[in-house]
Amino acid sequence: MMLFQHNNTGIHLDSGSTFHVQTNEDDFKEGSLQEIHGGFHYASNVKGREHYQEGIDKVFDSVCKLDTRASDNINSLSNMVQDGFDVFMDTKRYNSFFVTRNGTTWRFGHRNGLYTLVDKPAGVTAMFHDYERGLDNNDVQGYCALQSVEKNKEGFTNKQVKRANVAQSGYHMMGAPGAELFKLAIGGNFFKNCPITEEDVNISEKIYGPSFSTIKGKQKRPTSKAVVDDWIEMPKELLKHNSNLDSCIDIMLTNNVAFLAVLAKRSNSDSVLN
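Using the numbering used here, the first residue of the sequence shown is number 8, and each one after it goes up by one.
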């Protein structure tokens with residue numbers, strides 16, 4: 008879901024109105040304006056007025072009356088609910104109306120006693136809208152916590168941190184050759200008028216850690232230990248004279264460590280397995 012951003016002068020959400028009104032023809036979809044047969048008459052506390060055109064607005068994709076003499080754009084709360092919009096408001100959490108349909112969320116914020124569609128990024132997203140409702144965001148399949156390096160900057164002055172940032176930037180401009188090669192290039196004066204020092208690179212490593220650009224493709228899995236085959240072939244004479252053996256198996260505990268003890272009665276040979 009997303010928070011819609013509107014650039015009009017203002018659309019007010021009105022619970023007392025029974026229809027939508029737009030004041031500018033440019034706010035309607037192209038070709039959607041049409042004549043109202045017989046006109047549309049409405050009455051208010053001040054006076055009545057006739058409307059003769061209606062169309063589909065660009066913001067909410069709803070039928071709106073065109074009134075060029077009106078002072079403001081009005082959206083009817085009851086009509087929006089009738090058109091399938093979900094409307095939510097909880098003043099204990101946020102003094103705004105949240106209007107949602109087809110995965111898009113709009114916010115009517117409180118302004119000068121009216122609830123007006125926000126026309127600037129207000130930092131309120133659909134996820135925040137669900138949070139304000141006390142609901143989990145079901146659109147999120149997983150979470151990934153970002154690890155900050157702010158704690159690593161402790162113990163360094165602001166000047167050292169700034170120089171470390173310059174070193175980090177220069178390191179990646181070089182194509183991330185590796186910290187040792189980068190320091191070798193700096194120490195060898197390969198770059199003319201370079202303000203970066205080896206100390207800056209060392210501090211950059213302590214703050215930001217090893218570069219993933221360097222690690223990727225240059226590291227491999229450590230070689231596993233070879234499996235040693237320590238089986239010993241038994242002499243033929245021993246097998247010939249001890250073909251029938253009675254094996255005894257038991258568990259032996261030594262210093263609370265369990266061992267499997269095997270004893271052959273006739274040959275008096277034994278073995279212990281951990």
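Glycine included, each C-beta is placed from N, C-alpha and C at the ideal position.
Residue i - partner residues in DSSP beta bridges
i       : result
Gln-60  : Glu-42
Leu-124 : Phe-115
Val-264 : Thr-261
Leu-73  : Gln-29
Own chain residues within Cβ distance below 7 Å of residue i, not counting five before or after
i       : result
Ile-43  : His-58, Tyr-59, Gln-60, Glu-61
Gln-167 : Ile-210
Ala-77  : Val-28, Thr-30
Gly-55  : His-48, Tyr-49
Thr-75  : Thr-30
Ser-24  : Ile-81, Ser-83
Residues near residue i by beta carbon distance below 8 Å, same chain, minus five either side
i       : result
Glu-205 : Lys-190, Ile-193, Gly-194
Asn-119 : none
Gly-130 : Unreliable positioning characterises Gly-130 in this predicted model, as indicated by a pLDDT of 42, which lies under 50. A coordinate reading is not provided.
Backbone secondary structure at residue i - three-state DSSP
i       : result
Asn-86  : helix
Lys-166 : helix
Ile-193 : helix
Phe-11  : Note that Phe-11 has pLDDT 42, beneath the 50 cutoff, so the model's placement of it is unreliable and the number below is only indicative. In this structure, Phe-11 counts as coil in the three-state DSSP scheme.
Ile-203 : coil
Leu-246 : helix
Val-269 : strand
Gln-29  : strand
Leu-188 : helix
Gly-241 : According to the sequence displayed, residue 241 carries Met and not Gly. Looking at Met-241 - three-state DSSP - the assignment turns out to be coil, as it is neither helix nor strand.
Met-96  : strand
Phe-282 : An answer regarding residue 282 cannot be provided, because it is not within the stretch 8 to 281 covered by the chain.
Val-208 : helix
Ser-176 : helix
Phe-47  : strand
Lys-65  : coil
Asp-284 : Look at the range of the chain in this structure, 8 to 281, and you will see that residue 284 is not part of it.
Asn-80  : strand
Exposed unless 16 or more other CB atoms sit within 10 angstroms - verdict on residue i
i       : result
Cys-71  : buried
Trp-238 : exposed
Asn-262 : exposed
Phe-266 : exposed
Ile-18  : buried
Val-208 : buried
Leu-252 : exposed
Thr-112 : buried
Met-241 : exposed
Val-264 : exposed
Phe-92  : buried
Phe-115 : buried
Val-5   : Outside the shown range of the chain (8 to 281) lies residue 5, about which nothing can therefore be said.
Leu-73  : buried
Asn-145 : Below a pLDDT of 50, predicted positions are generally treated as unreliable, and Asn-145, at 49, falls in that range; the measurement from the model is reported next regardless. When all chains shown are included, Asn-145 counts as exposed.
Val-106 : buried
Asp-33  : exposed
Own chain residues within Cβ distance below 6 Å of residue i, not counting five before or after
i      : result
Leu-20 : Asn-82, Leu-84, Phe-104, Phe-115, Tyr-122
Ser-22 : Leu-84
Examine the Cβ distances between the region 173-180 and the region 231-242 and report whether three or more of them are shorter than 8 Å.
Contact between the region 173-180 and the region 231-242 is absent: fewer than 3 CB-CB pairs across the two stretches fall below 8 Å.
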